[in-house]
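Our numbering puts the first residue of the sequence shown at 62, with every later residue one more than the last.
Input: a single structure, listed below in structure tokens.
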Amino acid sequence: METKDWGQAWLEGQTGFHRDDVNPLLVDYWPTLAADEGESVLVPLSGKTVDMIWLARQHRNVYGSELVEQAVALFFADNTLQPVTTQTDTHVWWKAENITIIQGDFFMIPAGSLVDVTAFYDRAALVALPSERQPDYVATMMAMAPALKHGLLITLDYAPELAGGPPYAVSPDTVGSLYGQWFDIKLLGSAPPERIPSRMAGADVSSLVEHAFWLTRKACAC
């Protein structure tokens, strides 16, 4: 989805990618795998997901990133939080309690901006991007948060005849090629998704599968 289309989707309320409850895979997997409470967590391309509220109860800081101002404003309003905003050259940082959302182009967030972040949670970011942009996405995340040591990644995979997106198909092999330079990758589970993407309504979705991965930083991420 192009930048202008992403903004238009929020303006028109076409946000089938958003869910109003906490993702069950986050609740099921995160407590057994991650992270101590002193860690800070990145949620890239966060929208207004309530997963950030859940993570903020478990950890010291949560950072989201979102292009569209309306989505950021709705997140804080929906959760009765009063944010303070700080303008930088390229972005607006919204902060309330231990949640910060960086509003603006994810790919323009400067390297080293989130040096305290050691964990990430990606349910809807990688799959929102076409394959040609995915390597840049991963490289940008690693540059902005160089201390990342682990993360939960959820992807959607499907047969070529369902091609298109978003969400885009991301297979285990693709995850390996994108993240293998930095992380050891464990496939936690694969199952039909709880919810079918709205654009696939009426299609044969028998090939649709959701993968959950736990990524652990290699001792030498060379």
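Think of the CB as a built atom: it goes at the ideal place given N, C-alpha and C, for glycine as much as any other residue.
All values reported here derive from a predicted model rather than from experimental measurement.
Just tell me which of Arg-256, His-272 and Met-261 has its CA closest to the CA of Lys-247. Mapped onto the sequence shown, residue 247 falls at position 186. Ranking the options by Cα distance to Lys-247, first place goes to His-272.
For Gln-242, which residues does DSSP report across the bridge? Locating residue 242 in the sequence shown gives position 181, counting from the first residue. Answer is none; Gln-242 lacks a bridge partner.
State the Cα-Cα distance for the pair Ala-252 and Leu-87, rounded to the nearest angstrom. Counted from its first residue, the sequence shown places residue 252 at position 191. Counted from its first residue, the sequence shown places residue 87 at position 26. Approximately 15 Å between the Cα atoms of the pair.
Simplified DSSP assignment, three categories, for His-79: Taking the first residue of the sequence shown as 1, we reach residue 79 at position 18. With a pLDDT of only 47 at His-79, under 50, the local geometry of the prediction cannot be trusted, and no value is derived from it.
Roughly how far, in whole angstroms, is the beta-carbon of Val-83 from the beta-carbon of Val-111, given that I think they are within contact range, below 8 Å? The residue labelled residue 83 in the question sits at position 22 within the sequence shown. The residue labelled residue 111 in the question sits at position 50 within the sequence shown. The Cβ separation is near 6 Å, so the contact holds.
Identify the continuous alpha helix (DSSP H) that holds Gln-195 and give its terminal residues. In the sequence shown, counting from the first residue as 1, residue 195 sits at position 134. That run of the alpha helix (DSSP H) goes 195–205.
Suppose only complete runs of 3+ residues qualify. What are the beta strand (DSSP E) ranges in the segment 136–174, listed by chain order? 145–148, 153–157 and 160–164
Roughly how many angstroms lie between the CA atoms of Phe-181 and Thr-277, to the nearest whole one? The residue you call residue 181 lines up with position 120 of the sequence shown. The residue you call residue 277 lines up with position 216 of the sequence shown. Straight-line Cα distance between these residues: approximately 11 Å.
What three-state label does DSSP hand Arg-368 in the structure shown? Any question about residue 368 goes unanswered here, given that the chain covers just 62 to 283.
From the DSSP output, read off the bridge partner residues of Ala-132. Working through the sequence shown from its first residue, we reach residue 132 at position 71. Partner(s): none; Ala-132 has no beta bridge.
Return helix, strand or coil for Leu-223, following the three-state DSSP convention. Residue numbering aside, residue 223 sits at position 162 when the sequence shown is read from its first letter. In this structure, Leu-223 counts as helix in the three-state DSSP scheme.
Tell me whether Ser-259 sits in a helix, a strand or coil according to DSSP, three-state version. Taking the sequence shown and counting its residues from 1, the one referred to as residue 259 is at position 198. In this structure, Ser-259 counts as helix in the three-state DSSP scheme.
Endpoints, the beta strand (DSSP E) within which Ala-273 is located: As a first step, residue 273 is located in the sequence shown; it is residue number 212 there, counting from the start. Where Ala-273 is concerned, the enclosing beta strand (DSSP E) stretches over 270–278.
Quick test of your reading: Leu-217 and Val-199, contact by CB under 8 Å. State the CB separation rounded to the nearest angstrom. Taking the first residue of the sequence shown as 1, we reach residue 217 at position 156. Taking the first residue of the sequence shown as 1, we reach residue 199 at position 138. About 17 Å separates the two Cβ atoms, so there is no contact after all.
Evaluate contact between the segment 91–106 and the segment 174–188, counting only Cβ atoms and requiring at least three cross-stretch pairs below 8 Å. The segment 91–106 makes contact with the segment 174–188, as at least three CB pairs between them are under 8 Å.
Per the contact definition of three or more C-beta pairs closer than 8 Å, is the segment 143–162 in contact with the segment 190–204? no
Supposed contact pair Ile-162 and Ala-117 - C-beta distance, whole angstroms, cut 8 Å: What you label residue 117 is simply residue 56 of the sequence shown in a count that begins at 1. What you label residue 162 is simply residue 101 of the sequence shown in a count that begins at 1. No, Ala-117 and Ile-162 are not in contact; Cβ-Cβ is about 11 Å, not under 8 Å.
Tell me whether Pro-228 is buried or exposed, calling it buried when 16 or more other Cβ atoms sit within 10 Å of its Cβ. The residue given as residue 228 occupies position 167 in the sequence shown. Buried, since its Cβ has 16 or more Cβ neighbours within 10 Å.
Taking the beta strand (DSSP E) that Asp-218 belongs to, which residues open and close that run? By 1-based counting over the sequence shown, the position of residue 218 is 157. For Asp-218, the enclosing beta strand (DSSP E) stretches over residues 211–218.
Ser-268 and Ala-220 closer than 7 Å at C-beta: Numbered from 1 along the sequence shown, position 207 holds the residue referred to as residue 268. Numbered from 1 along the sequence shown, position 159 holds the residue referred to as residue 220. In contact: Ser-268 and Ala-220 (Cβ atoms closer than 7 Å).
Span of the alpha helix (DSSP H), counted from its first residue to its last, around Val-176: As a working mapping, residue 176 is identified with position 115 in the sequence shown. First-last for Val-176: undefined, no H or E at that position.
I'd like the list of long-range same chain contacts for Pro-144, defined as Cβ closer than 7 Å, with 5 residues on each side in sequence excluded. Residue 144 sits at position 83 when you count from the first residue of the sequence shown. Phe-137, Trp-155, Lys-156 and Ala-157.
How would you call Ser-126, buried or exposed, if buried means at least 16 neighbouring beta carbons within 10 angstroms? Residue mapping note: residue 126 aligns to position 65 of the sequence shown, counting from 1. Per the 10 Å Cβ criterion, buried.
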